[in-house]
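First residue of the sequence shown? That's 391 in the working numbering, and the numbers climb one at a time after it. Yeah, the Cβ is synthetic: ideal placement off N, Cα and C, and Gly gets one too. Note that the structure is a prediction, hence the values are computed from the model and not measured.
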Amino acid sequence: MSEIHGLPVWNLSLGGMSPELTTLALAALLGLFQLMIAARTGNRQRGLKWNLSARDEAPPPVDKVAGRLERAFRNFMETFPFFAVAVIVLALLGRHNWATVWGSQIYLGARIVYFLLYAFGVPVVRTLVWLIALLSIFLLYVALFYPAL
């Protein structure tokens, strides 16, 4: 834990990357994890014949949990590109401040919590956590366009 402008932040840095790029890499791993879990759960229920087919027809239905895992992954993929672009552009510009660190780390934390809430079928709170993740992306873009933060 360190401080940027007097605010405590968790400056996790792996492999020589900045905290923001570290968080981006961890978020990408989260996405891969969600893909593997959703695919394995759904494909196991749909069966080998469907898995090996051209998948021209609508997929067979899956149970509620497998459906939630697939939707959680799709939802991750809806926000991740916007997050990734912000972090990469900030890194290219050499921007590093409280907003970039907090924005990236809050996004990752919120997406982990969101996945768990969605997997267990928790309504309302899940939507609030999604909103927190979205607002953290906005914080990154504010840091992008207003470097004096």
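Q | residue 519, DSSP secondary structure in three states | A | Here residue 519 refers to the residue found at position 129 when the sequence shown is read from its first residue. If DSSP states are grouped into helix, strand and coil, residue 519 belongs with the helices.
**Q.** Delimiting residues of the alpha helix (DSSP H) encompassing residue 448
**A.** Residue mapping note: residue 448 aligns to position 58 of the sequence shown, counting from 1. No alpha helix (DSSP H) contains residue 448, which DSSP labels as neither H nor E.
Q) Between which two residues does the alpha helix (DSSP H) carrying residue 466 extend? A) Position 76 of the sequence shown, counted from the first residue, corresponds to residue 466. That run of the alpha helix (DSSP H) goes 454-483.
Q | Nearest-angstrom Cα separation, counted from residue 505 out to residue 444 | A | If you number the sequence shown from 1, residue 444 lands on position 54. If you number the sequence shown from 1, residue 505 lands on position 115. Rounded to the nearest angstrom, the two C-alpha atoms are 29 angstroms apart.
Q. With 16 other CB atoms within 10 Å as the buried threshold, where does residue 526 fall?
A. Locating residue 526 in the sequence shown gives position 136, where the first residue counts as 1. That one is buried.
Q | Segments of 4+ residues assigned as alpha helix (DSSP H) that fall wholly inside the region 413-447 | A | Runs found: 438-442.
(Q) For a test of the three-state rule: what should DSSP assign to residue 536, helix, strand or coil? (A) The residue you call residue 536 lines up with position 146 of the sequence shown. In this structure, residue 536 counts as coil in the three-state DSSP scheme.
Q) At which residues does the alpha helix (DSSP H) containing residue 505 begin and terminate? A) Here residue 505 refers to the residue found at position 115 of the sequence shown. Taken as a continuous stretch (DSSP letters only), the alpha helix (DSSP H) holding residue 505 covers 488-509.
Q.
Please return the same chain residues whose Cβ sits closer than 6 angstroms to the Cβ of residue 404, not counting the five positions on each side in sequence.
A. Counting from one through the sequence shown, the residue named residue 404 turns up at place 14. Excluding residues up to 5 positions away in sequence, 412 lie with their Cβ nearer than 6 angstroms to the Cβ of residue 404 in the same chain.
**Q.** Spatial distance of residue 429 from residue 492 (CA atoms)
**A.** The residue you call residue 429 lines up with position 39 of the sequence shown. The residue you call residue 492 lines up with position 102 of the sequence shown. Going from the Cα of residue 429 to the Cα of residue 492 covers about 31 angstroms.
**Q.** residue 510 classed as buried or exposed, judged by whether at least 16 other C-beta atoms fall within 10 angstroms
**A.** Here residue 510 refers to the residue found at position 120 when the sequence shown is read from its first residue. Result: exposed.
Q. Alpha carbon to alpha carbon, how far is residue 398 from residue 424?
A. For the purposes of this step, residue 398 is taken as the residue at position 8 of the sequence shown. For the purposes of this step, residue 424 is taken as the residue at position 34 of the sequence shown. Its pLDDT being 48, under 50, residue 398 is placed unreliably by the model, and the measurement read from it follows with that caveat. Residue 398 and residue 424 have their C-alpha atoms spaced approximately 30 angstroms apart.
Q. Can you give the Cα-Cα distance for residue 535 and residue 516, rounded to whole angstroms?
A. Residue numbering aside, residue 535 sits at position 145 when the sequence shown is read from its first letter. Residue numbering aside, residue 516 sits at position 126 when the sequence shown is read from its first letter. The straight-line gap from Cα to Cα measures roughly 29 angstroms.
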